[in-house]
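Its first residue numbered 34, the sequence shown is counted upward by one per residue in our numbering.
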Amino acid sequence: MIRKIYLYDKMPTNLEENGIPIIDWKDLPEITRSLNNSFLFYGNYLLNGNNVKKIKKEKYLKAYTENGTYQYFRIKSVKKNLSGISITALHIGYEANRNFIQNAYVANGNGKQIMNALKSNLVLNQPFRYESDVASYHQFSAKQVNPIDAIIGSNNGNQNLTGVCEAELDMDNYTLTLKERIGDDNGFRIDFGKNLASIEETVDDSAVVNRLFLVGGVPDDTDYNVEQDPVTFGYLSVSGVTEENMQIAKRENSECKTVEDLKKWGQTLFDNDRIHEPKVTHEVDMVVLENTLEYQNIYQKVARLKFGDTAYISLKNLDIQVQERMIEYTWYPTLAKYKSVVLGNDLEMYTSSIETQVNSVKKKLETKSNELINAVNNASQWITGNKGGYVLLDPKDAPRRILIMDKPNAADAKKVWQWNVDGLGYSSTGINGKYGLAMTRDGAIVADFITAGVLSGIKIRSVNNDFIIELDNGRIRFIKKEGSSENEMFAFAPTYSGEQLQGINAIQNQGYSFALSSMGSNGAFLNVLEIPKDSTADNRKLNLYGEVKVDGNFYVNGVKIDKNGGSSGGGSGWNSQYPPEVTSDRDKRYWQIWAMAIGAGFSKQAAAALLGNAQGESDADPTADESGGRPGFGYGVWQWTDSSGASSGRVYMINLMTRAGVTDDPDTITAQFKLLMWHAPNGQWIATSSYPYSWTQFMTLTDINTAAQAFVSNFERPLNSHPERSTWAQEWYDKFVNLKIPSGGGGYIAPIASPITITSEMGWRTSPITGAQEFHNAVDLVNGNPTTPILASGDGQVVQAGSNYYDWYGNYTVIKHADGLYTGYAHQSRIDVSVGQNVKKGQQIGLMGATGPVTGPHLHFQFMDEYWPSSNAHFKNPRDYINF
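What follows is the structure, given as structure tokens:
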């Protein structure tokens, strides 16, 4: 059956659609494919063929491939000669390289997560699917590179993804799949004396390394305040290395912290990776089989050998005996037959390596033989009674069991060991039992019999599916199994300094959390203390939950904290809007305090009192510094001062903000107003007999003089009185009292129609999904319509419009605004915009939904000052920009 090749002017939407049949070929077209390399079509078309004028560069071809599917190719070269046209086309998968990745980084992810990260960071929208079955976890970075180059190419000088994951890229039209292995091992055998025409063996020793200079990591007991070089070892060699054949290279493994570990790892490169042996490929000619009736059945079986499959080959007269995979082929798409295949030794199972492995095993057996002889001699002395025991072979001439007894007479013996084909057992009541099983027939020791003595120099492991606890070499390790690899999550290990034991260290590894939790009466448990997954030696993190009590001194960044504890900072956000009457920079500073105070619930008289006192302290300047940074002096709008004299006013103010949870720029009125709202009710405000008002009562005072002097006496508490501040407060009141506060922060609007309900505020909360504590970086909005239209909160450009961002947000859109802020819209049921599109405030960008991890339909609405926020501090409360 002749398979047709089809021509298209452009890629069809339906890949099953057939284009223009191209049949006038000068000779048989070919498809060539190499593992993690090329995948191309080549053919010579007749100069007088029916469709010669239609075959042009950048058009598309569809041809039948060896895996039983039609694949698309884009024509890259069309060259005319006297007799025809030569055509070269690349597989459509390489069209993904028209795209660009500015920056994609995954600290610890499996193949699927890394491929998702590559797709999420593409500049252009393309129809390609990025898939993977690689289960192991890796760190990967792709920066300023095309996608295919990042996966199998140069990756801008970094190791590509197939190299990092030890994986292979499979292309199936628009699907790019990172696979642990392409193809299968179905036991296919090829006998070159019967069913193939020829074989050519190529030995490549250009990458051979037989001597290693090894570089490890910095030892665990290192004082990290002192720079220290990693451990090294030079040189590790295979046997038989001389100056004439020596090939030296450096290899690094930061996980090896001792020379001994480094040498063991280096030896695996010789024993397992066989880096000292040449790479061998075999080019196989299979052309004649299609015309050979005698071997037709055999050929059909071989023809089912697909790309990546394993083949077993034996050709004794050429000393070729291999187990190799098909790493390259040339295929006739019209005949659906191979022209030739190349089998490569990625499994390294050819004759010379087998001999090397056999010799290695032989040496190991010889080394062990002396130990075995000594052990047998020692055991014989015990069994024959030389050391106090008595042995009975039963029956004597053809024994089925061995009895080792405490008495020479079996009838008198009480303590008896019996060894037979089913195992080893012990009885304390004589040879008739009852016996307890101590060792099974396959050599497994029953732990119930290990009740005394010391286990020295052994490794103890407790395995439960993918979770392992290991005790080895004085270290307790908690391990996660990832396929054939094992990753340490947490460990208890001894610590040393100057070769002296200092104590025990609990070590959390990046990518895995460590927590101390409390269990409730219902069996659920929540964290009290947590070292999160992203904590590292360079960026240490610790989360505490619940009620925390400190009995003694408590310091933050060297500052003693012993009072003023309480809840986080408050206050309404600043919307950046001024009335037209407010024009000077000075008036704008005071207006910002006025508007924030009114928004926080102050009476206008109490708000004016804040302004009068701000004028007396700093003229409302958030960077006013009494002393240029010297300790003991005030700083900011209300001149925060460390009464102990230990630090400058600015440092003291910033430490208070840390405790209050204020994350805004400290040198702004917004941050300092939020600190005021936290500081006053949490220790700074002390009611006096002259002004016996609480902070809450002060906020509602309607007499300007009383409010101004209450702030002086109860918050500032100066040595001298300040009656002039009442006058200033009255002046600011008269100036601002009749001005209207503009609505809407920075021109932003609510992203859904009214009536709006906020079902979850921004901040720390108990996750409705997992039950654990989490930082909710947005507000959740509903309005009674589960599919209500979602509107752009402001003018801007769409920078994210895709699905399933790391399984957090479902369908997710991000808009960048001219003021440098970003708004995010998550869990949409539908997205109506695309990346790069400019949108106007109020324009519909999608519909509300419940995609991603949610408990019901809602809009997760965010403000951020970074596209990908590097910490919680870069998320902003939407209430600071919109009056919901």
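C-beta atoms are modelled at their ideal positions from N, C-alpha and C, and glycine is treated no differently.
Practice task
Would you check whether the ligand NAP has a heavy atom nearer than 7 angstroms to the C-beta of Glu99?
Solution key: This structure simply doesn't include the ligand NAP, nor any ligand for that matter.
Exercise for the section: Report yes if the CB atom of Ile864 is closer than 8 angstroms to the CB atom of Ala834, and no otherwise. Expected result: Locating residue 864 in the sequence shown gives position 831, counting from the first residue. Locating residue 834 in the sequence shown gives position 801, counting from the first residue. In contact: Ile864 and Ala834 (Cβ atoms closer than 8 angstroms).
Exercise for the section: Classify Ala183 as helix, strand or coil using the three-state DSSP reduction. Expected result: Here residue 183 refers to the residue found at position 150 when the sequence shown is read from its first residue. DSSP places Ala183 in helix when its eight states are reduced to three.
Exercise for the section: Measure the alpha-carbon distance for Lys773 versus Pro612 and round it to whole angstroms. Expected result: Within the sequence shown, the letter at position 740 stands for residue 773. Within the sequence shown, the letter at position 579 stands for residue 612. Those two C-alpha atoms are separated by around 7 angstroms.
Exercise for the section: Pick helix, strand or coil for Gly377, following the three-state DSSP scheme. Expected result: In the sequence shown, residue 377 corresponds to position 344, counting from 1. Of the three classes helix, strand and coil, the one that applies to Gly377 here is strand, per DSSP.
Exercise for the section: For Leu115, name the three-state secondary structure that DSSP assigns. Expected result: On the sequence shown, residue 115 is found 82 positions in, with the first residue counted as 1. Leu115: coil per DSSP, three-state reduction.
Problem - Reference Gln638; option with closest CA among Thr735, Asp57, Phe769 - result: Residue mapping note: residue 638 aligns to position 605 of the sequence shown, counting from 1. Nearest of Thr735, Asp57, Phe769 to Gln638, Cα basis: Thr735.
Handout entry: Residues near Gly889 in its chain [Cβ-Cβ closer than 7 angstroms; skip 5 each side]
Key = Position 856 of the sequence shown, counting from 1, holds the residue named residue 889. Correct list, in chain order: Ala883.
Exercise for the section: For my contact list, Ile823 and Gly857 are in at a C-beta cut-off of 8 angstroms; report their separation, rounded to the angstrom. Expected result: By one-based count along the sequence shown, residue 823 stands at place 790. By one-based count along the sequence shown, residue 857 stands at place 824. Their Cβ separation, rounded to whole angstroms, is 11 angstroms, which puts Ile823 and Gly857 out of contact at 8 angstroms.
Practice task
Specify whether the stretch 720-729 and the stretch 687-706 touch according to this definition: at least 3 beta carbon pairs, one from each stretch, less than 8 angstroms apart.
Solution key: no
Handout entry: DSSP three-state assignment for Gln730, whether helix, strand or coil
Key = For the purposes of this step, residue 730 is identified with residue 697 of the sequence shown, where counting begins at 1. Here Gln730 sits in helix by DSSP.
Handout entry: Burial state of Ser272, where buried means 16 or more other Cβ atoms lie within 10 Å
Key = Along the sequence shown, one-based indexing puts residue 272 at 239. By the neighbour-count rule (16 or more Cβ atoms within 10 Å), Ser272 is not buried but exposed.
Handout entry: Leu643: first and last residue of the uninterrupted alpha helix (DSSP H) it sits in
Key = Position 610 of the sequence shown, counted from the start, is the residue given in the question as residue 643. Start and end: 637-650.
Practice task
Decide if Ser651 is buried, meaning its Cβ has at least 16 other Cβ atoms within 10 Å, or exposed.
Solution key: Taking the sequence shown and counting its residues from 1, one reaches residue 651 at position 618. When all chains shown are included, Ser651 counts as buried.
Handout entry: Uninterrupted alpha helix (DSSP H) stretches inside the stretch 681-754 (no shorter than 4 residues)
Key = 682-693, 702-712, 728-731, 737-744
Handout entry: Span separating the alpha-carbon of Leu644 from that of Leu689
Key = Indexing the sequence shown from 1 puts residue 644 at position 611. Indexing the sequence shown from 1 puts residue 689 at position 656. Leu644 and Leu689: Cα-Cα distance of roughly 22 angstroms.
Handout entry: Rounded distance between the beta-carbons of Ser116 and Lys59, thought under 8 angstroms
Key = Here residue 59 is taken as the residue at index 26 of the sequence shown, counted from 1. Here residue 116 is taken as the residue at index 83 of the sequence shown, counted from 1. With a Cβ gap of about 7 angstroms, Lys59 and Ser116 count as contacting.
Practice task
Inspect the beta-carbon positions of Ile491 and Glu519 and report whether they are closer than 8 angstroms.
Solution key: Your numbering for residue 491 matches position 458 in the sequence shown. Your numbering for residue 519 matches position 486 in the sequence shown. Not a contact, by the Cβ cut-off of 8 angstroms.
Exercise for the section: Please say whether Val264 and Leu295 have beta carbons closer to each other than 8 angstroms? Expected result: As a working mapping, residue 295 is identified with position 262 in the sequence shown. As a working mapping, residue 264 is identified with position 231 in the sequence shown. Cβ atoms of Leu295 and Val264: closer than 8 angstroms.
Problem - CA-to-CA distance, Ser867 to Thr102, given in whole angstroms - result: On the sequence shown, position 69 is the one that residue 102 refers to. On the sequence shown, position 834 is the one that residue 867 refers to. So the alpha carbons of these two residues sit roughly 32 angstroms apart.
Handout entry: Which listed residue (Asn646, Ala811, Asp57, Gln280) has its alpha carbon closest to that of Ser759
Key = Here the question's residue 759 lines up with position 726 in the sequence shown. Nearest C-alpha to Ser759: Asn646.
Exercise for the section: Quick one: grab the DSSP three-state call for Val241. Expected result: As a first step, residue 241 is located in the sequence shown; it is residue number 208 there, counting from the start. Looking at Val241 - three-state DSSP - the assignment turns out to be coil, as it is neither helix nor strand.
Exercise for the section: Could you tell me if Val156 is buried or exposed, where buried requires 16 or more neighbouring beta carbons within 10 angstroms of its beta carbon? Expected result: Indexing the sequence shown from 1 puts residue 156 at position 123. Classification for Val156: exposed.
Problem - Residue range of the beta strand (DSSP E) that includes Asn219 - result: Here residue 219 refers to the residue found at position 186 of the sequence shown. From DSSP, Asn219 is part of no beta strand (DSSP E); its letter is neither H nor E.
Practice task
Could you name the residues that DSSP lists as bridge partners for Val670?
Solution key: Mapped onto the sequence shown, residue 670 falls at position 637. Partner(s): none; Val670 has no beta bridge.
Handout entry: Beta-carbon proximity list for Ile185, same chain, < 6 angstroms, skipping 5 on both sides
Key = Indexing the sequence shown from 1 puts residue 185 at position 152. Closer than 6 angstroms at the Cβ level, and outside the excluded window around Ile185, lie Asn69, Asn193, Thr195, Leu202.
Practice task
Use the C-beta contact count for Pro784: other C-beta atoms within 10 angstroms, 16 or more gives buried, fewer gives exposed.
Solution key: One-based indexing of the sequence shown puts residue 784 at position 751. Buried is the call here.
Exercise for the section: Grab me the residues of Gly777's own chain with a C-beta within less than 6 angstroms of its C-beta, minus the 5 sequence neighbours each way, in chain order. Expected result: Position 744 of the sequence shown holds residue 777. Note that Gly777 has pLDDT 49, beneath the 50 cutoff, so the model's placement of it is unreliable and no number is given.
Problem - Pairwise C-alpha distance: Leu549 and Ser676 - result: To locate residue 676, count along the sequence shown from 1; it is residue 643. To locate residue 549, count along the sequence shown from 1; it is residue 516. Each residue's alpha carbon lies about 37 angstroms from the other.
Practice task
Identify which residue in Thr46, Gly52, Pro45 has its Cα closest to the Cα of Lys37.
Solution key: Locating residue 37 in the sequence shown gives position 4, counting from the first residue. That would be Gly52, whose Cα lies nearest to the Cα of Lys37.
Exercise for the section: With DSSP collapsed to three states, give me the class of Trp901. Expected result: The sequence position of residue 901 within the sequence shown is 868, counting from 1. The answer is coil: DSSP assigns Trp901 none of H, G, I, E or B.
Handout entry: Backbone CA spacing between Val831 and Ile848 [nearest angstrom]
Key = The residue given as residue 831 occupies position 798 in the sequence shown. The residue given as residue 848 occupies position 815 in the sequence shown. Distance between the alpha carbons of Val831 and Ile848: 4 angstroms.
Practice task
Name the one or two DSSP bridge partners that Asp813 has.
Solution key: The sequence position of residue 813 within the sequence shown is 780, counting from 1. Answer is Ser793, His893, bridged to Asp813.
Problem - Terminal residues of the alpha helix (DSSP H) in which Val292 lies - result: Against the sequence shown, residue 292 aligns to sequence position 259. Looking at the DSSP string, the run of the alpha helix (DSSP H) that includes Val292 is 292-304.
Handout entry: DSSP state of Asp551 mapped onto helix, strand, coil
Key = Counting from 1 along the sequence shown, the entry for residue 551 is found at position 518. In the sequence as presented, Asp is not what sits at residue 551; that position holds Ser. Looking at Ser551 - three-state DSSP - the assignment turns out to be strand.
Handout entry: Proximal residues to Glu515 (C-beta, below 7 angstroms), its chain only, five neighbours per side dropped
Key = Your numbering for residue 515 matches position 482 in the sequence shown. Answer for Glu515: Ala168, Ser169, Tyr170, listed in chain order.
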